[in-house]
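Residue numbers (UniProt numbering): 1 to 149. We put the CB at the ideal spot given by N, CA and C, even for glycine. Below you'll find the structure, written out as structure tokens, and then a few comments.
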């Protein structure tokens, strides 16, 4: 969520509001397709899944438009990471209901540090696990953002 919000901020700083993205030529695309070897058996192709998942949107702003958020002023609000937590949970809930899922929503909550009760519970739980030596510090890869520290 934070990465997408930051990406929207950078796009607005770089391309203005509403962003005026540079036009891209299809020449590079056509050259790339000509260089690819022709595969006779389609089941042996290696790039089909990656190409299918990639989509045509290059910028976060375009991704937001592609998921149905057409209003530029509404997309502007997504530069604040908290807006994501207000906007998408009700949509997910309505989608689940439309699929026929029956859930007791009274005890649902957001599982991020925005919710202080959940955050304090997770901290409490990890302190207890560390005291019982169930959790140890070790070497593990993690996502680090130099912009966020």
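Rounded C-alpha distance that separates residue i from residue j
i, j, result
"residue 94", "residue 143", "32 Å"
"residue 20", "residue 72", "12 Å"
"residue 75", "residue 119", "28 Å"
"residue 24", "residue 116", "45 Å"
"residue 137", "residue 146", "22 Å"
"residue 22", "residue 68", "22 Å"
"residue 101", "residue 92", "11 Å"
"residue 114", "residue 108", "14 Å"
"residue 56", "residue 98", "28 Å"
"residue 128", "residue 139", "21 Å"
"residue 64", "residue 148", "23 Å"
"residue 1", "residue 112", "11 Å"
"residue 78", "residue 105", "25 Å"
"residue 131", "residue 18", "52 Å"
Assigned secondary structure, residue i (DSSP; H/G/I helix, E/B strand, else coil)
i, result
"residue 14", "helix"
"residue 134", "coil"
"residue 6", "helix"
"residue 122", "helix"
"residue 88", "helix"
"residue 74", "helix"
"residue 67", "coil"
"residue 96", "helix"
"residue 19", "coil"
"residue 146", "coil"
"residue 140", "coil"
"residue 129", "helix"
"residue 108", "coil"
"residue 82", "helix"
Residue i and residue j closer than 8 Å at C-beta
i, j, result
"residue 5", "residue 81", "yes"
"residue 84", "residue 8", "no"
"residue 110", "residue 89", "yes"
"residue 87", "residue 11", "no"
"residue 135", "residue 126", "yes"
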